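S.K.:
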Amino acid sequence: MRPCNVLSRLASLLVAAAVALPSSTAATSSSLHELHNLVRRASAGSGAPNASLVDTARMGLLSSQRASWEQGTAQSALLEYDAGSWSVFAGGHGNGPPYRPGFQPSKTPDGVPLAVLSMAYHSATAQDGMGKLGMSITGDENMTDGSALDSASCGEGVLLAAFVAKQINATRGFWINAAQDQLDYVLNEAPRTEAGAISHRTRTVALWSDAVYMMPPFLAAYGLYTNNQSLLQTAYDQIRLYRQAMRFPDGPGEGLWGHILAYSANGTARWLDGQAWTTGEGWVAAGMLRTLASIAQSPYSTQMASQKADLVAWTKEILDASFPLLDSSSSLFHNYMNDTTTFRDTAGSTFLAYAAYRLASMSPSDDTHLAAAEKIYQATQGQLTRIGSYLTPVVNALDFGAQGSTSPEALSFTMLLEAARRDYHAGNVTGVDGPGTGRNGAMPGIKGGVAAPVLVAAVTATLLLLLS
Ligand SMILES: *[C@@H]1O[C@H](CO)[C@@H](O)[C@H](O)[C@H]1NC(C)=O
Ligand SMILES: *[C@@H]1O[C@H](CO)[C@@H](O)[C@H](O)[C@H]1NC(C)=O
Ligand SMILES: *[C@@H]1O[C@H](CO)[C@@H](O)[C@H](O)[C@H]1NC(C)=O
Ligand SMILES: *[C@@H]1O[C@H](CO)[C@@H](O)[C@H](O)[C@H]1NC(C)=O
Ligand SMILES: *[C@@H]1O[C@H](CO)[C@@H](O)[C@H](O)[C@H]1NC(C)=O
Ligand SMILES: *[C@@H]1O[C@H](CO)[C@@H](O)[C@H](O)[C@H]1NC(C)=O
Ligand SMILES: *[C@@H]1O[C@H](CO)[C@@H](O)[C@H](O)[C@H]1NC(C)=O
């Protein structure tokens, strides 16, 4: 709503309230209620989430059948949207999340996010015999085949549950054992490249850009929860190894990452999908930011300054290479970012907008892509049907070259973008140097500020009414 509209709406509402006053208290209170909402919405600036969009996305997400990575991404969406102060991005009141070592709250965190714990419970009960969370759904799965790392995306929720159940430093317990088994599989059992990058596949050695969201954030969260620097370092090292192998060093996609790189037994690598898959760029950027946040929250934040600087630079590198390729007519990216013959994809576009908001929150000078991210946000508003499918195209989550109409990950990205945008405006995200060092200013509202004009308008309108 533009400020002038706010002004005139406000004045007419005040008039309506005053006119209604003598006869109908019901009409008065509803007009006043509307007035209150209008002022509240305006003063929340452009960061107020679209609650009806989020409700629909949530309904679509919770009613979907979910594979392990979709369960893990859904956990992140519920955590960051419903309970930001429990996520690794928490930075409000300078506190950080409650599991942060040395946490001394100046304000009690909001209630425990039960939906996240419930999701974590289901991923733990669906853990397979090798330790992979959320993988055993029909019981017919072949656990020695398929993805090695998707399941690790469920690990942060399980750690959160272990913390709530006071099992983090215990050797036995439902939650901590589930987390340990998942960690053990990733670190000690999954195949690796010669350089040491952990394979995204169970039976073969292959790197997928997706893995950067599934595995390093789990390792880093584990390091944060248990105060273990070597796990934080391993999370960083894995990202470094993945980048070394998967980033395009030159050519038209320079700075972007290819999607799938397979290794043969003799160690030579070849691309199975050597194009810049938009959702893949999102997995990488968002995974790096979650890892960065865990390091920033940890007691090793200062010691790991150069690792953090790399993660900021590498996230920026992807966003800098991506955003010039945004299709200006639709404000969406093509499914393969530098290939305009592919369809425009709502899912990956939403996810990259999320990453731009999170980066600008954590590292306030790196906000070059915010205007474009906001265009993506605006373009994707009103595109969700009442049953949670998209009117704009969405990539098929099971067939990354094909177009679909919705997916659990797309719905999660929609919630994640709402959370990241809200938190950017609230200024309550941790900075690169820990809580209190991020973008932590006053609420900016729309450029020039909306809250102040609204207040002036309210006072003026009231005076006019009193005089009339
Ligand atoms: C930031 O504040 C908003 C509004 O109070 C809240 O909903 C959200 O969870 C907070 N985010 C973080 C990361 O603490
Ligand atoms: C677990 O133990 C570590 C090392 O003693 C400690 O720093 C951390 O605060 C403990 N975590 C919890 C949740 O008790
Ligand atoms: C599981 O997959 C592996 C590798 O493809 C195969 O060798 C094995 O026989 C399969 N196991 C079952 C029970 O089908
Ligand atoms: C950190 O975690 C690794 C992997 O689980 C473990 O081997 C190591 O003993 C832990 N270090 C500390 C100090 O707890
Ligand atoms: C996109 O960039 C990659 C990496 O440079 C390149 O291999 C590919 O051919 C490019 N695609 C198009 C359509 O230009
Ligand atoms: C490695 O293996 C692949 C596939 O088996 C083969 O095409 C390639 O020639 C081999 N390279 C070397 C250096 O042996
Ligand atoms: C909020 O989302 C709803 C439901 O998707 C949509 O109809 C509406 O246009 C959105 N609101 C704004 C202001 O974009």
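When the letters of the sequence shown are read in order and numbered with mature numbering (1 follows the signal peptide of the UniProt record, and there is no 0), they come out as residues -26 to -1, 1 to 442. Here a beta-carbon is modelled for each residue, glycine too, at the ideal position from N, C-alpha and C. Computed from a predicted structure; not experimentally measured.
(1) Go to M261, then tell me how far its alpha helix (DSSP H) extends in each direction, as first and last residue.
(2) Closest to S323 by C-alpha separation, out of S379, P382, L391, would be which residue?
(3) What do you reckon, are the CB atoms on L181 and A171 nearer than 9 Å?
(4) What does a CB cutoff of less than 6 Å around N11 pick up in its chain, not counting 5 residues either side in sequence?
(5) Return yes when the Cβ of A135 is within less than 9 Å of the Cβ of L91, no when it is not.
(6) Return the Cβ separation of A100 and S386 in integer angstroms, given the expectation that the two are a contact with Cβ distance under 8 Å.
(7) Does the beta-carbon of F63, which I'm using as the reference point, lie nearer than 8 Å to any heavy atom of ligand 1?
(8) Cα-Cα, which of L123, D102, G401 is closest to G113?
(9) Mind listing, in chain order, the residues whose beta carbon lies closer than 5 Å to a non-hydrogen atom of ligand 2?
(10) Do the region 314 to 333 and the region 342 to 358 touch if we need at least three Cβ pairs shorter than 8 Å?
(11) Does at least one heavy atom of ligand 4 sit under 8 Å from the Cβ of L161?
(12) Rounded to whole angstroms, how far is the Cβ of G254 from the Cβ of W231, which I believe are closer than 8 Å?
(13) Can you list, in chain order, the residues of its chain with a C-beta nearer than 7 Å to that of Y364? Leave out the 5 residues immediately preceding and following it.
(14) Under 6 Å Cβ to Cβ from A243, same chain only, skipping five residues before and after it: list those, please.
(15) Can you list every residue whose CB sits closer than 7 Å to some heavy atom of ligand 3, going in chain order?
(16) Could you pull out every residue in the same chain whose Cβ sits closer than 7 Å to the Cβ of A18, ignoring the five residues on either side in sequence?
(17) Taking contact to mean at least 3 C-beta pairs separated by less than 8 Å, is the region 137 to 154 in contact with the region 117 to 127?
(18) Within a Cβ cutoff of 7 Å, which residues of the same chain sit near residue 448, ignoring the five residues on either side of it in sequence?
(19) A376: beta carbon under 8 Å from a heavy atom of ligand 1?
(20) Using a Cβ-based criterion (distance less than 8 Å to any ligand heavy atom), does A57 qualify as near ligand 1?
(21) Using a Cβ-based criterion (distance less than 8 Å to any ligand heavy atom), does L205 qualify as near ligand 4?
(22) Is S183 closer than 9 Å to V286 when the C-beta atoms are compared?
(23) So, is D84 buried or exposed, given that buried needs 16 or more other C-beta atoms within 10 angstroms?
(24) Of the residues T118, G129, D119, which one's Cα is nearest the Cα of G108?
(25) What is the C-beta distance between P191 and G131, in whole angstroms, given that I count them as a contact (C-beta under 8 Å)?
(26) What span of residues does the alpha helix (DSSP H) with A152 cover, start to end?
M.R.: A quick look at the data gives this:
(1) The sequence position of residue 261 within the sequence shown is 287, counting from 1. Inspection of the sequence shows that residue 261 is occupied by Gly rather than by Met. 252 to 271 is the span of the alpha helix (DSSP H), which, as asked, contains G261.
(2) Numbered from its first residue, the sequence shown carries residue 323 at position 349. Closest option to S323, Cα to Cα, is L391.
(3) Here residue 181 refers to the residue found at position 207 of the sequence shown. Here residue 171 refers to the residue found at position 197 of the sequence shown. Contact flag set, yes.
(4) On the sequence shown, residue 11 is found 37 positions in, with the first residue counted as 1. Caution applies to N11, whose pLDDT of 49 falls short of 50 and renders its modelled position unreliable; the value that the coordinates give is listed next. Excluding positions up to five away in sequence, the list is empty.
(5) Translated into the one-based positions of the sequence shown, residue 91 becomes position 117. Translated into the one-based positions of the sequence shown, residue 135 becomes position 161. Taking 9 Å as the Cβ cut-off, L91 and A135 qualify as a contacting pair.
(6) On the sequence shown, position 126 is the one that residue 100 refers to. On the sequence shown, position 412 is the one that residue 386 refers to. Contact flag wrong, Cβ pair sits at about 18 Å.
(7) Residue 63 sits at position 89 when you count from the first residue of the sequence shown. Within the cutoff, so yes.
(8) Position 139 of the sequence shown, counting from 1, holds the residue named residue 113. Residue D102 is the option with its Cα nearest to G113.
(9) Result (chain order): P75, I142, N143, N201.
(10) yes
(11) For the purposes of this step, residue 161 is identified with residue 187 of the sequence shown, where counting begins at 1. Yes, ligand 4 has a heavy atom inside 8 Å of this Cβ.
(12) Residue mapping note: residue 254 aligns to position 280 of the sequence shown, counting from 1. Residue mapping note: residue 231 aligns to position 257 of the sequence shown, counting from 1. The Cβ separation is near 6 Å, so the contact holds.
(13) Start at 1 with the first residue of the sequence shown, and residue 364 comes out as number 390. Taken in chain order, the residues that qualify are T320, Q357, L358, S379, T380, A384.
(14) Here the question's residue 243 lines up with position 269 in the sequence shown. Non-local C-beta neighbours of A243 in its own chain, meaning closer than 6 Å and more than five positions away in sequence, comprise L235, Y237, ordered along the chain.
(15) N116, T118, D119, R177
(16) For this step, residue 18 is matched to residue 44 along the sequence shown. Bear in mind that the predicted position of A18 carries a pLDDT of just 45, short of 50, making it unreliable; the figure below should be weighed with that in mind. Contacts found: none.
(17) no
(18) As shown, the chain starts at -26 and ends at 442. That puts residue 448 outside it, with no answer to give.
(19) Against the sequence shown, residue 376 aligns to sequence position 402. Not so, every heavy atom of ligand 1 lies at least 8 Å from the Cβ.
(20) Looking up residue 57 in the sequence shown gives position 83. A57 Cβ: within cutoff of ligand 1.
(21) In the sequence shown, residue 205 corresponds to position 231, counting from 1. Indeed, a heavy atom of ligand 4 lies less than 8 Å from the Cβ.
(22) Residue numbering aside, residue 286 sits at position 312 when the sequence shown is read from its first letter. Residue numbering aside, residue 183 sits at position 209 when the sequence shown is read from its first letter. Their beta carbons are not under 9 Å apart, which means V286 does not touch S183 by this criterion.
(23) Indexing the sequence shown from 1 puts residue 84 at position 110. Counting Cβ neighbours within 10 Å, D84 comes out exposed, since fewer than 16 surround it.
(24) The count along the sequence shown starts at 1 and reaches residue 108 at position 134. Answer by Cα proximity: G129.
(25) By one-based count along the sequence shown, residue 191 stands at place 217. By one-based count along the sequence shown, residue 131 stands at place 157. Actually they do not touch by this definition, with Cβ atoms about 11 Å apart.
(26) On the sequence shown, residue 152 is found 178 positions in, with the first residue counted as 1. Looking at the DSSP string, the run of the alpha helix (DSSP H) that includes A152 is 148 to 158.
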